[in-house]
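What follows is a set of notes on a single structure, which appears directly below.
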């Protein structure tokens, strides 16, 4: 029984275009045809299937043990009968007898289609997994495709990624068909293919956006030392350079604020404070409380508490709305910050957060 020779040629084309070995496809098809044969013609037999690699000819063989006393005719053959198939047969040999059914062609063609499609899907899933498995922390751009409960499904072209509700920005509207930049959080291999989880709220998204917008960061002249973010509302980012000729804050702001404005636009109006990192704790904390002007910072190393003095008219600015400015400064620096105005009114920030990314 011959399969279509064009099918063999098609396998060669698949090998060329999809990178799936023709030999692997044929081996898989032979294994599937054994199952198909047993399902349709009796599962008790011990059979093998061979597909000619050039012509596409398919043959089914029943494998039988040569014996002088047959107990199971499906699995054994008498030595005398075996001679008609193989004149040199001996006891305990296994001989192959062709048993290809006349109507096996239709089953073979149907099975071939299923096997090839399945293997192509598997290969494509593996390629997608390999492409994205090393790209955690990267930014990708996609189109909002649909919504699955509260999750947003984003089409990247080759695959879809999931923006779960826990990684969304509460204040953002996600509209079907809109283009969106997202941060790759996790790539997992599942039975249904790669599962890629992305984020809009992760501090890493801000970091990657700055790397895209600021050549000095991308080229390594300016380093991002830390990010504290309350997604959708405000971010503080600390930058540093070892090059005296480079202004790290100015580089991030860009000409007439163009670079940081592009990032603010991408984040739909999220405020961004770019502050200069300093190895001196007092100076770093003072910078972190920007835009407030700080008079003095006294640090207590053993308790990791920084006591900050500001003018009365700077107090509300230093603390920020609902304590946000002081809270982000604490998370950025890793210090608990107590803010006091010069007239002696004592104010404290919320307990310090964690500078690390979520």
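Numbering (the working numbering), first residue to last: 606 to 963.
Beta carbons are placed, not taken as given, at the ideal position from N, Cα and C, and that holds for glycine.
- For the 8 Å CB-CB criterion, residue 626 and residue 635 do not form a contact.
- Assigned with DSSP and collapsed to three states, residue 909 falls in coil, not helix or strand.
- Straight across, the Cα-Cα distance linking residue 910 with residue 921 is about 20 Å.
- The C-alpha of residue 912 is placed about 6 Å away from the C-alpha of residue 942.
- Contact holds between the segment 703-716 and the segment 654-667, because three or more Cβ pairs, one in each stretch, are under 8 Å apart.
- Residue environment analysis places residue 889 among the buried positions, since at least 16 neighbouring C-beta atoms fall within 10 angstroms of its C-beta.
- Cβ atoms of residue 897 and residue 930 come within 8 Å of each other, at about 7 Å.
- Counting every other CB atom within 10 Å of its CB across the protein chains shown gives residue 831 a total of 16 or more, marking it as buried.
- Relative to residue 649, the option among 667, 908 and 659 whose CA is nearest is 667.
- For residue 925, same chain residues with a beta-carbon under 7 Å away, outside a window of 5 residues either side, are 931 in chain order.
- Under the three-state reduction of DSSP output, residue 828 falls in the strand class.
- Excluding residues up to 5 positions away in sequence, 821, 844, 846, 853 and 856 lie with their Cβ nearer than 6 Å to the Cβ of residue 827 in the same chain.
- Between residue 695 and residue 680, the CB-CB gap reaches or exceeds 8 Å.
- By alpha-carbon distance to residue 642, the top candidate from 710, 687 and 671 is 710.
- The beta-bridge partner set that DSSP reports for residue 799 consists of 794.
- The DSSP assignment places 808-818, 820-823, 853-858 and 863-871 as complete runs of the alpha helix (DSSP H) inside the segment 803-876, in order along the chain (cut-off: 4 residues).
- Residue 767: not part of any alpha helix (DSSP H); member of the beta strand (DSSP E) spanning 765-768, first to last residue.
- At the C-beta level, residue 892 and residue 881 come within 8 Å of one another.
- When the Cα atoms are used, residue 674 and residue 688 turn out to be separated by approximately 15 Å.
- Only residues of its own chain outside the window of five on either side were considered, and among them 811, 814, 815, 818 and 877 have a CB closer than 8 Å to the CB of residue 868, listed in chain order.
- Between the segment 800-808 and the segment 778-789 there are three or more inter-stretch CB-CB distances shorter than 8 Å, so the stretches are counted as touching.
- Within the segment 681-709, the runs of beta strand (DSSP E) at least 3 residues long that lie entirely inside it are, in chain order, 681-683 and 699-703.
- For residue 758, the uninterrupted beta strand (DSSP E) segment begins and ends at 756-760.
- If you draw a straight line from the Cα of residue 748 to the Cα of residue 793, it is about 21 Å long.
- Residue 673 carries a coil assignment under DSSP once its states are collapsed to helix, strand and coil.
- The distance from the Cβ of residue 775 to that of residue 837 is about 6 Å, consistent with a contact at the 8 Å cut-off.
- In the DSSP assignment, residue 898 falls outside any beta strand (DSSP E) and carries neither an H nor an E.
- For residue 736, the closest alpha carbon among the candidates 762, 671, 691 and 622 is that of 762.
- Here residue 671 has 682, 684, 687, 694, 695, 696, 697, 698 and 700 as same chain residues with Cβ atoms under 7 Å from its own Cβ, once five neighbours each way along the sequence are excluded.
- Annotated three-state conformation of residue 918 is helix, per DSSP.
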